[in-house]
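In our numbering, the protein residues as written are 533 to 605. In this text, a Cβ means the ideal position worked out from N, Cα and C, and glycines have one as well.
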């Protein structure tokens, strides 16, 4: 998703006050909970497997999007 946001930002900001703006994206790691064994695991990919072999993972963190700050000069 960050790549899509960067692409859209570049397109939408062209020929506007934001054309020379800098977009900073800080990605946080995904965190999932295994529905089979209850383990919390770091997710590198949306379809990662738990160490128990289960693919029944519920994403509990890492899908958030927050705009921290916008500065216009």
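Coarse secondary structure for residue 573, derived from DSSP in three states: Against the chain shown, residue 573 aligns to sequence position 41. If DSSP states are grouped into helix, strand and coil, residue 573 belongs with the strands.
C-alpha distance - residue 590 paired with residue 598, whole-angstrom precision: As a position in the chain shown, residue 590 is number 58, starting the count at 1. As a position in the chain shown, residue 598 is number 66, starting the count at 1. Cα to Cα, residue 590 sits roughly 21 angstroms from residue 598.
Three-state class that DSSP yields for residue 540 in the structure shown: As a position in the chain shown, residue 540 is number 8, starting the count at 1. Three-state DSSP puts residue 540 in a helix.
Endpoints, the beta strand (DSSP E) within which residue 593 is located: Along the chain shown, read from residue 1 onward, the residue named residue 593 stands at position 61. Here the beta strand (DSSP E) through residue 593 covers 589–593.
Separation of residue 594 from residue 551, as counted between CA atoms: For this step, residue 551 is matched to residue 19 along the chain shown. For this step, residue 594 is matched to residue 62 along the chain shown. Near 29 angstroms, if we compare the C-alpha coordinates of residue 594 and residue 551.
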